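Numbering (the numbering used here), first residue to last: -10 to 97. Each remark here refers to the structure printed beneath this line.
Have a look at this one:
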């Protein structure tokens, strides 16, 4: 187990995260590092943006899934590395406008 993984695991356990959340967060950071082929402590906000775009556009994951992945990375950078973390804008679901024909709307 690497030093960073051990530190993150200790931080997650100290905050009483569930075993499933711990597994998901550590996996998210591992996939992030593997995507760039570098240790995660050598990556930064620009890499997170690129990875987020990859998850959304290439892997075609739902926005909710990507938000969870970014939450794990935020925890890693803020709590494990004690680095600042600029907020990332999340994609929003577009609202659909439904237009009815006059003939289909009942009149009073």
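Cβ coordinates follow ideal geometry from the N, Cα and C atoms, glycine included. Remember, predicted model here, so these are calculated numbers, not experimental data.
The beta-carbon separation of residue 55 and residue 44, rounded to 5 Å, stays under the 8 Å limit for a contact. The stretch 35 to 49 makes no contact with the stretch -2 to 11: fewer than 3 CB pairs, one atom from each, lie closer than 8 Å. With a minimum length of 4 residues, the unbroken runs of alpha helix (DSSP H) contained wholly in the stretch -1 to 56 fall at 8 to 25, 34 to 42. Rounded to whole angstroms, residue 20 and residue -9 show a C-alpha spacing of 15 Å. Residue 14 and residue 7 have their C-alpha atoms spaced approximately 11 Å apart.
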